[in-house]
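Numbering of the sequence shown is given in the UniProt record's numbering, commencing with residue 1 and proceeding in unit increments.
Where a beta carbon is used, it is the ideal one built from N, C-alpha and C, also for glycine.
Remember, it's a predicted structure, so these values are computed and weren't measured experimentally.
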Amino acid sequence: MKSKVSFKNNNPRKNANILSVITFAYTLPTFIKGCKKDFSEEDITDHLEEHSSSMLANRLEKAWKIELSKPKPSLSKAIFKTFGIELLVLGLIYAFNQLFVRLAQPLALSQLMKYYSADKQRVSRNEALMYSGIIVGSNFINILLAHNYLLSLQHLGMKLRVACCSLIYRKSLRLNLNVLDGTMIGRTLNLLSNDVNRCDRSALHFHTLWVCPVQAVMIILTLYYILGLTSAIGVFVMIMFVPCQMYLAKKTADLRFKTAITTDKRIRGMNEIICGIQVIKFYTWEKPFKAIIERIRRLEIRYIRATTFIKGIMISIQLFITKFSLFLTILVYVLTGNVLNAEYVFVATAFYDILKQIMTKNFSSGITEIAEAKVSINRIQEFLLYDEAEDSSEVANFNGKSSKEDLTNTIHARNGDPKNGFAIHLDKASAKWNRNTATNDLENVNFWALHGQRVALVGPVGSGKSTLLNLILKELPLETGALNVKGRISYASQEPWLFAGSIKQNIIFDQSLILERYERVIKACALDKDFIQLPYGDKTLVGERGVALSGGQKARISLARAIYKKADIYLLDDPFSAVDPHVGKQMFEGCVLKFLKNKCSIIATHQLQYLQYVDHIYFVENGKIPLNCTYQELRASEKYFLKHLQQKSETTNMQEVTTVPLITKLPFEPAQEKEQRSSGSIARNIYYSYLKASGWGWMPICLLLIFIIVQLSHSGADYFLTLWVNFEQENAAQNLTVGPLNLDSDSCIYTYSGIVAIMILTTLLGSFGFYISCMRASVNLHNNMLANIIYAPMKFFNSNSSGRIINRFSKDMGTIDEILPSVALDCLDVGLSILAATIMISFVTPWMALASAVIFIVFYLIRMVYLQTSCNLKRLEGITRSPVFEHSNSTLRGLTSIRAFKSQAIFQQKFDELQDVNSSVWYLYTSCSKAFSFWLDCICVIYIALVTFSCIISKSADFGGNVGLAITKAMSLSGRFQWGMRQWSDLENQMTSVERVLEYSRIEKEEERTDTIPPSTWPEKGSISFESVSLRYSETEPYILNNITFDVRATEKIGIVGRTASGKSSLINAFFQLVNIEGKILIDQIDITKVPLDVLRSKICIIPQEPMLFSGTIRSNLDQFKEHSDDVLWDALSEVELKKVIAEYSLGLDTEISQGASNFSIGQRQLLCLARAIVKKTKIIILDEATANVDHQTDSLIQNTIRNKFYDCTVLTIAHRLNTVMDSDKILVLESGSILEFDHPSVLLQDESSTFYSMAQQTGIVMGDVLLNLAKEV
């Protein structure tokens, strides 16, 4: 875990001089490298110090802690305190540029247009050249300030995002387990993926909320001064749009909140599917789970569609508001008896263009983004205010009932005065997980353990053993009573938690490597033999959640981690259930009796054979401790499970734990499989696939024609207005009576009105049609990816972490849903408007057509260079983002273990390092994007200069209308050219999300078999035959099963035993066809390798090794297809003695099961899985360690249930508890993927040379005799 992420490449921004910074020249080496090769992880540069995730989070956390001391803490205020000064400075720069530099352009244009009036004496030629210079110079200063300002704002937004992400992660490390319900993981991942990005984008729009109104007032006053009162008509129309914007922004914020909640739910569901995919395939539940996600997705799309319609309205208004405002202004101006002139029209046009930009685009976007950011900040704030786990202080005292001195005296009174004193003491402690319930999960518990003492916790399933350990860990808050813990704690959880890394990294965790201690731990946990078998020894990668290991291996690695840590107190939550008796005995002797000989160890267990070795035993039942005593006192008790404790003493040979050097199988370390990524520009088939997903057919062509009509009407309005102005200019000089197209003045008004009306209607039609198509594409892309993921082979899930998959369903789908449509629409609109503007300029000054062609070629070449670099950087940014999600997901799943080891700091450091890597790539991508925009705008300034000065120098333009049209179009091109190119490029970058989604939509599915369709009644008997079956998980790995051959007759009960990693789980994988096999498996003489997978798996039932329950109701977990009545479900629950437990819930069968089934103990989960099997009842039943985590009475209950309910079924039972399989017809003993023995249990036990006899003896002499008696009874 102690891995420091570092890179050899220096950040190009780090040592750049001021000139290089403001001109973005420092990005040139990146572009050069991007043209030569595809970027990879080796090309990532170091992050800048100011981007440090740790530093930024510390600053924000400091401000947030100050807010927490207030009655109503505000995250927004904490953010402003942290980043406020930087934001203020950038705001002043933005205000200067918008209020002075940008307004200088139309003011200079108003003076220049006087040069082309009928009375040219008002402005001299030199003055005209000066005003042209002001237009060009102010344009250059504008782009210089604007691009650096925008990069700085994006930079600030990134720092805000990084700080918020780190703050969210730090909070997750402190969360009280009570709030970790079924929604928390999905909600946290959504906060980290989507909500923080709202904060990121909001920084870009913050200052528009105050600068835009000030700028609007200045423009209104300037227009009134230059053009008079009639110019206020258009301004009034634009201002009237502001209340509409605010209303729509509020609706958008409401929809955003609903969307976020629904997205949380969808991501949570996907996360659950990915984690439980093996169980889903076992039960052929792909269709119902796919339907659940699609149902949530439909609701999510409904909200997103409503949001996009609002965006469609706002964008449409942005597209035609300038023309509409100008139309009304001109209409009033003409109808009030004024003569239209070039100065009036084009000065108004120039100012209206700016006003449109600030009021209908900047201001409206600002309102929308800030409103959505407010929703996200509130969601983050709500998360940050969740209850936290208690600090691990030495004494937690409630109600003043006890003190440290009293606790010590209590212990001494009960046990004498020990040399080392107490380690743990609970005095009349009561606690509960859900504070809203009336009953406590632990009630009036008195418990103590001394230093150097071994203490056992025993009791039935769901009695409260794990809850008691969580109370000691301070994960569960006390309601009443007192808790005293003296010493450092180490902990091994009942559900082994492993993170993605090597076995060695999982064991050492955050401790220093002490080789001698490490080797002793490996030997004590019986991992040395596994390291010999594994191809990379202890360097073997465990995969996410330990998918590459068996259940027993995971349990032993978890235990090894716990005892490797130097601590005073060791809490071991049933670590021996997942291993076979031989390994369990070796682990108990090596770990508990020897390695932890002088330590306080508290062991929750169902393995009663180990109780004679502990100093004290606590019997837990219904959250109380009715009995605590020594082993001898317990044997005299009448408790139900004591029939397993015989009077005959048991002796065991205790072998010394010797230190042996670890065997390293290969000289190199295995590499983590890298995330799949494309290279180069986005392929055309990606666009084709997106269009096809949008509906295909004639829809894209129809939309394109509509947008062409929109642009023709826009350009037609401009051109007709130019002709009208020219006519009025000629009319003043020559007294003409017929205007453009042989129309008089009144007809000009009607024609102009008609063109504007067509423009408005087609704009609205095109926008709505476009967004409808995009939403259809989003739905189809998501559903196609979901269908492929859920039917993907297990190999895919074993080699791809959940973070990678979730990244597609969260971040990438979020981009496709909300960002891509706007970028694509903008790209289409800007592209057509640039083409139209260039044609108009060339029409006024024909030789500019050549200049335009040259500039287009230069633009295209620059774009090619940019795209080669930016697409690679964008892909790399997506790849570096996945580990952030993976790490967060892993942390939330292992929160108890992380806190027990006091490893929060190292996990927090790892998260910050992962963020730093992502920040480095993201900042480089953003810098390159801004450099591209800046350089394009510089070329546009040259273009404006050519147009402006050519009109004066060439003296070719006599009409003011033509000159005004050319210059205003050229000025608009200044931003539009670079914006269009950038949006075109950004479209390609955003299409990487489509590309990534399509990658997972095209993964190989499980094979569809149609060779053999068995009858619906198959299997009628349930006979099984394995014929030379071999299995390996990849062609480069060794065989896990080697030439397995055996026969099982119909209704036979077969017990399958063997050391951990002997191939038992692989046998199940072969049976369910989760992996391709060599050889044949026959069920009722039908080769299952040719049977359709859904048919095969629906005919077999399994109770898996790791009991998996899904979020939903108890009913849906028992009967996913709703095929059975409530009576059948209640009967099944009664059979496993859970009816009483479930009936206590007010909703009964409709009781919600939280994510991870945290509201049930592991033993109860296994019983629910057994109830599920009873409900399904197929002819063949497989039990994979179904009784591993239950007490012996429950074990007996399960065995009786199996005998009674499945008497006419073939049952294969994998077990480590040998008494579980003693009543089997035959025992199959596996070792290293081969069959060692296969016979009746009594036959094998009577053969002292058999492996099974040896395994029975490993349980102890007494238990061995009991097993023999059980076998003889069969």
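Backbone CA spacing between L1096 and T1012 [nearest angstrom] | Their backbone Cα atoms lie some 11 angstroms apart in a straight line.
Are V1175 and A1143 close, meaning C-beta to C-beta below 9 angstroms?
-> Contact: no.
Mind checking whether R268 and R187 have CB atoms under 9 angstroms apart?
-> Going by C-beta atoms, R268 is nearer than 9 angstroms to R187.
Under three-state DSSP, which class holds S1254?
-> If DSSP states are grouped into helix, strand and coil, S1254 belongs with the helices.
Within this structure, are the beta carbons of E1106 and G551 separated by less than 9 angstroms?
-> The Cβ atoms of E1106 and G551 sit closer than 9 angstroms to each other.
Does the Cβ-Cβ distance between I1102 and Y283 come in under 9 angstroms?
-> Yes.
Determine contact between the region 598 to 615 and the region 447 to 456, defined as no fewer than three beta-carbon pairs at a distance below 8 angstroms.
-> Yes: at least three Cβ pairs fall under 8 angstroms.
Same chain, Cβ closer than 8 angstroms to V162, five either side skipped, listed in chain order = For V162, where only same-chain residues beyond five positions count, the Cβ hits under 8 angstroms are H51, S53, L56, A57, Q915, S919.
What did DSSP end up calling D510 once you bin it into helix, strand or coil?
-> The answer is coil: DSSP assigns D510 none of H, G, I, E or B.
Have a look at G228 and L340 and give me their C-alpha separation to the nearest angstrom.
-> Rounded to the nearest angstrom, the two C-alpha atoms are 13 angstroms apart.
To the nearest angstrom, report how far apart A449 and N197 are at their CA atoms.
-> So the alpha carbons of these two residues sit roughly 50 angstroms apart.
Along the beta strand (DSSP E) that carries S490, what are the first and last residues, could you check?
-> S490 -> beta strand (DSSP E) spans 489 to 492.
If you draw a straight line from the alpha carbon of V445 to that of G623, how long is it in whole angstroms?
-> Cα-Cα distance, rounded: 8 angstroms.
Taking the alpha-carbon positions, what's the Q1085 to I1056 distance?
-> For Q1085 and I1056, the distance between alpha carbons rounds to 22 angstroms.
If you drop the 5 nearest sequence neighbours on each side, which residues of the same chain put their C-beta closer than 6 angstroms to that of F932?
-> These residues qualify, in order along the chain: Y866.
Mind reading off the beta-carbon distance from I682 to E988? Whole number of angstroms is fine, and I expect it under 8 angstroms.
-> With 8 angstroms as the limit, I682 and E988 qualify as a contact, their Cβ atoms being about 5 angstroms apart.
Which one of A128, E369, V854, T1010 has the shortest CA to CA distance from I952?
-> Residue A128 is the option with its Cα nearest to I952.
Same chain, Cβ closer than 6 angstroms to Q607, neighbours up to 5 away in sequence not counted | Excluding residues within five positions, the ones whose Cβ falls inside 6 angstroms are F576.
Quick one: complete beta strand (DSSP E) runs, 3+ long, within the region 289 to 362?
-> With a minimum length of 3 residues, no continuous beta strand (DSSP E) run stays inside the region 289 to 362.
For chain C, is any of its Cβ atoms less than 9 angstroms away from the one on G501?
-> Of the protein chains in the structure, only one exists, and it is not chain C.
Check whether residue 1302 and K902 have beta carbons under 9 angstroms apart | This structure does not reach residue 1302, given that the chain is present from 1 up to 1274, and the question cannot be answered.
In or out: G337 buried (at least 16 other Cβ within 10 Å) or exposed?
-> The C-beta of G337 has fewer than 16 other C-beta atoms within 10 Å across all chains shown, which makes the residue exposed.
Spatially closest choice to V1141 from Y386, I141, K70, S463, by CA coordinates | The shortest Cα separation from V1141 among Y386, I141, K70, S463 belongs to S463.
Can you tell me the Cβ-Cβ gap for I135 and I944, rounded? I've got them flagged as a contact below 8 angstroms.
-> In this structure I135 is in contact with I944, their Cβ atoms being roughly 7 angstroms apart against a cut-off of 8 angstroms.
Determine the contact status of M359 and A249, defining contact as a CB-CB distance below 9 angstroms.
-> No, the pair does not count as a contact, with Cβ atoms beyond the cut-off.
So, is V542 buried or exposed, given that buried needs 16 or more other C-beta atoms within 10 angstroms?
-> Buried.
Decide if C774 is buried, meaning its Cβ has at least 16 other Cβ atoms within 10 Å, or exposed.
-> So C774 ends up on the buried side.
Excluding sequence positions up to five away, which residues of its chain have a Cβ less than 6 angstroms from the Cβ of K1080?
-> So the list reads E1027, D1087, once near-sequence residues are dropped.
Tell me whether F1026 sits in a helix, a strand or coil according to DSSP, three-state version.
-> Annotated three-state conformation of F1026 is strand, per DSSP.
Around the Cβ of E443, are there at least 16 other Cβ atoms within 10 angstroms (buried) or fewer (exposed)?
-> Its Cβ being crowded by 16 or more others within 10 Å, E443 is buried.
Return helix, strand or coil for N10, following the three-state DSSP convention.
-> In the three-state scheme derived from DSSP, where H, G and I count as helix and E and B as strand, N10 is classed as coil.
Within this structure, are the beta carbons of L160 and I79 separated by less than 9 angstroms?
-> It is a contact, given that the beta carbons lie within the stated cut-off.
Does the region 34 to 48 come close enough to the region 139 to 149 that 3 or more CB-CB pairs lie under 8 angstroms?
-> Taking 8 angstroms as the limit for Cβ pairs, the verdict is that the region 34 to 48 does not touch the region 139 to 149.
Alpha-carbon to alpha-carbon, A1186 and H1216 | Rounded to whole angstroms, H1216 to A1186 spans 10 angstroms at the Cα level.
Sequence-distant residues of the same chain with beta carbon closer than 6 angstroms to S767, five excluded per side | A distance below 6 angstroms between beta-carbons, with the five flanking residues on each side excluded, links S767 to the following residues of its chain, in chain order: G312, I315, S316.
Beta-bridge pairing of F619 - partner residues as DSSP gives them | DSSP output for F619 lists V458, L627 as bridge partner(s).
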